[in-house]
Amino acid sequence: MIFVHGGAGDLVPGEDPRPHVSGCLSAARAGAAVLSAGGSALDAVIAAVVALEDDPLFNAGTGSVLNLDGDVECDASVMTGELQAGAVGAVRGVKNPIRLARLVMEKTRHVLLVADGALRFAREQGVALVDPASMVTDRARSRWASPGTVGAVARDRRGHLAAATSTGGTSRKLPGRLGDTPLIGCGTYTHAGAGAASATGIGEAIIKSTLTRWAVDRLAGGQDPMETARAAVEQLPRAGGTGGIILVDAAGRPGFAFNTQRMSRAYIDPQGVENAGFD
Ligand code: ASP
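Each residue of the sequence shown is one higher than the last, beginning at 318 in the numbering used here.
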């Protein structure tokens, strides 16, 4: 199964949320195609998140919200059930930050690279770098509200789990600000035998709640994924924020919850049955 989100947030007046749902469904299909060909959960979540990073509707990769200086600075992380993890923070001009996060996981002995060091590593690895200005869209320039991060969780045929999350962060953030997305246990967490989770919302509240680690720990105890997701987002208001989470447990059961007005999402089960929505 694969489950994708396109961010939790409030409805922007006059904005139709359905294109976000279609974008999530296309990304979920990209991930499901990997899984049905026998590919890994890791390859599936990367394929789904790359599709969302390349879709300018979403706040990740191209189309990311702008910081106070008017620049795009991206965060991303990926993790497998075997506790392999990689992340990048505050990177500029990286077309697909999630691919760079995967390379940090696979090619270094580190978990998180940020800013100029991450770019140097990207150059060494031959990752696609673009003019940072080309990732700034008119839509992002004209909007102040954050439309939300993107993420995916998957379970493959062999029962392996993975999660990936990518974002431009929150609108008008201070340059250099890292949110929850590049932090393992906050925006992304996976543990074999328990589950995988990807979060979205006010990053500072998600960090203080160590939200995805909290949720996956409960899945390890056998709790229902829907109930776990609901209990997880209930942590956020006392940490000063709102948001959403998607989950899959070790048996492949999905869960999601949000305490914003909407969270665009799409789910495809192992039989190919699709389910998508925003409210
Ligand atoms: N969680 C992201 C961050 O704080 C933003 C979002 O999900 O809307 O960077």
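Positions of the beta carbon are idealized from the N, C-alpha and C atoms, including for glycine.
Are the Cβ atoms of residue i and residue j separated by less than 7 Å?
i: Ala418; j: Val405; result: yes
i: Gly348; j: Ala365; result: yes
i: Val470; j: Val565; result: yes
i: His575; j: Ala354; result: The question names His, but residue 575 is Phe in the sequence shown. Not in contact: Phe575 and Ala354 (Cβ atoms no closer than 7 Å).
i: Ala522; j: Gly557; result: yes
i: Leu328; j: Gln588; result: no
i: Val389; j: Met318; result: no
i: Leu369; j: Ala344; result: yes
i: Ala511; j: Val533; result: yes
i: Leu491; j: Gly398; result: no
i: Met580; j: Gly561; result: yes
i: Gln552; j: Ser526; result: yes
i: Asp473; j: Ser394; result: no
i: Arg382; j: Ala450; result: The question names Arg, but residue 382 in the sequence shown is Val. Not a contact, by the Cβ cut-off of 7 Å.
i: Ala439; j: Val421; result: no
i: Gly486; j: Gly493; result: no
i: Thr529; j: Thr498; result: no
i: Arg582; j: His322; result: yes
i: Pro334; j: Phe595; result: yes
i: Thr507; j: Met396; result: yes
i: Ile524; j: Ala402; result: no
i: Gly380; j: Thr454; result: yes
Opposite residue i in the DSSP bridges: which residues?
i: Met396; result: Ala402, Ala480
i: Met543; result: Paired residue(s): none; Met543 is not in a bridge.
i: Leu429; result: Ala404
i: Ala513; result: Thr507, Val565
i: Arg582; result: His322, Gly594
i: Leu446; result: Val411
i: Ala471; result: Ile319, Ala479
i: Ile363; result: Ile363 pairs with nothing; no bridge assigned.
i: Ala574; result: Ile562
i: Arg391; result: For the record, residue 391 in the displayed sequence is Cys; it is not Arg. DSSP, once it has assigned bridges, lists Val408 as partnering Cys391.
i: Ile501; result: Thr505
i: Gly518; result: Gly560
Exercise. Looking at C-beta atoms only, is the number of pairs between the segment 477-490 and the segment 442-450 that lie closer than 8 Å three or more?
Worked result: no
Problem set entry | Cβ contact check for the segment 424-440 and the segment 503-519: 3 or more pairs under 8 Å | no
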